[in-house]
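*Asks:*
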Amino acid sequence: MDAPALNHLLRTMAAVAPSRRVLVRGTDVEKEAGGHVPSALARMGFEVHAAPWTDDEARQVHRAAAEGEAPTVYTTGAPVGALPYPEAHFAWVIVQVPRPDEAAEALRRRADLRALLAEARRHVHPGGWVFVLAPAAVAPDALDEVAAQAALAGAEAPERDGRRVRGIYRRVEEETVP
18 MDAPALNHLL RTMAAVAPSR RVLVRGTDVE KEAGGHVPSA LARMGFEVHA APWTDDEARQ
78 VHRAAAEGEA PTVYTTGAPV GALPYPEAHF AWVIVQVPRP DEAAEALRRR ADLRALLAEA
138 RRHVHPGGWV FVLAPAAVAP DALDEVAAQA ALAGAEAPER DGRRVRGIYR RVEEETVP
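Structure, rendered in structure tokens:
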């Protein structure tokens, strides 16, 4: 995650009560801006579960967290649709959509992005939040459209930030508590 996106995420999460359960979906392949996203969130007091796309990536995230002396970061590798967590398990889901040049199997088509955001919605509890970081090739309007198709409400309009597009969404439904 590049520095502007990481700074935005950390400022956003600074307003969230610590000890909340957070899922970081995808891989933080960039080492700039002070380290990996899961480690930074764990140091802020969150219970962090990192779920990159493969077991090898999960081991890399686990090693990076241990090297950074962060509190425990739980890791598991899983392709889209195969997360081992129950529904509505997290207060926040951070989605790092792979870039086309990354090692993960391609999430390049809109249908793949839709599946990833539907997965995020399934695992965030009602009233929970989804922070999406997608490649710059994804148009902000397209990200909003796919989020709406996944039944996520826009909370912050998506915008380009360096080499990425970021947006914040919320799972809103009848049982959502204000």
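Here this note's numbering is used: position 174 in the sequence shown is 191, and no number is missing along the way.
Think of the CB as a built atom: it goes at the ideal place given N, C-alpha and C, for glycine as much as any other residue.
Note that the coordinates shown come from a computational prediction; the quantities given were computed from them, not determined experimentally.
#1: Would you check if there are 3 or more beta carbon pairs closer than 8 Å linking the segment 72-81 to the segment 105-114?
#2: Using DSSP with H/G/I as helix, E/B as strand and the rest coil, what is Val-41?
#3: Tell me, to the nearest whole angstrom, how far the beta carbon of Ala-151 is from that of Val-189; I am working on the premise that it is less than 8 Å.
#4: Would you identify the three-state DSSP class for Val-6, choosing helix, strand or coil?
#5: Could you tell me which residues DSSP puts in a beta bridge with Pro-152?
#6: Is it a yes or a no for the segment 51-65 touching the segment 88-103, going by three-plus beta-carbon pairs under 8 Å?
#7: Suppose you measure from the CA of Gly-171 to the CA of Asp-161; what does that come to, to the nearest Å?
#8: Give me the residue from Pro-96, Pro-157, Ala-95 and Arg-138 with the minimum Cα distance to Glu-173.
#9: Relative to the C-alpha of Ala-167, which residue among Ala-137, Val-39 and His-25 is closest?
#10: Rounded to whole angstroms, what is the Cα-Cα separation between Val-146 and Tyr-186?
#11: Can at least three beta-carbon pairs, one atom from the segment 67-78 and one from the segment 19-38, be found at a separation below 8 Å?
#12: Is the beta carbon of Thr-93 sitting closer than 7 Å to the one on Ala-132?
#13: My output table needs one value for His-79: the three-state DSSP class, helix, strand or coil.
#14: Between which two residues does the beta strand (DSSP E) containing Glu-64 stretch?
#15: List the whole-angstrom C-beta distance separating Met-18 from Val-54, where the pair is believed to meet the contact cut-off of C-beta under 8 Å.
*Replies:* Answer, in terms of the structure:
#1: no
#2: Correct three-state label for Val-41: strand.
#3: With 8 Å as the limit, Ala-151 and Val-189 do not qualify as a contact, their Cβ atoms being about 21 Å apart.
#4: In this structure the chain extends from 18 to 195, so residue 6 is not present and cannot be described.
#5: Arg-181
#6: Pairwise C-beta distances place the segment 51-65 in contact with the segment 88-103, as three or more of them are shorter than 8 Å.
#7: Straight across, the Cα-Cα distance linking Gly-171 with Asp-161 is about 7 Å.
#8: Pro-157
#9: Ala-137
#10: Here the sequence assigns Trp to residue 146, which means Val is not the residue at that position. Using only the alpha carbons, I get a separation of about 6 Å.
#11: no
#12: no
#13: helix
#14: 64-68
#15: 6 Å
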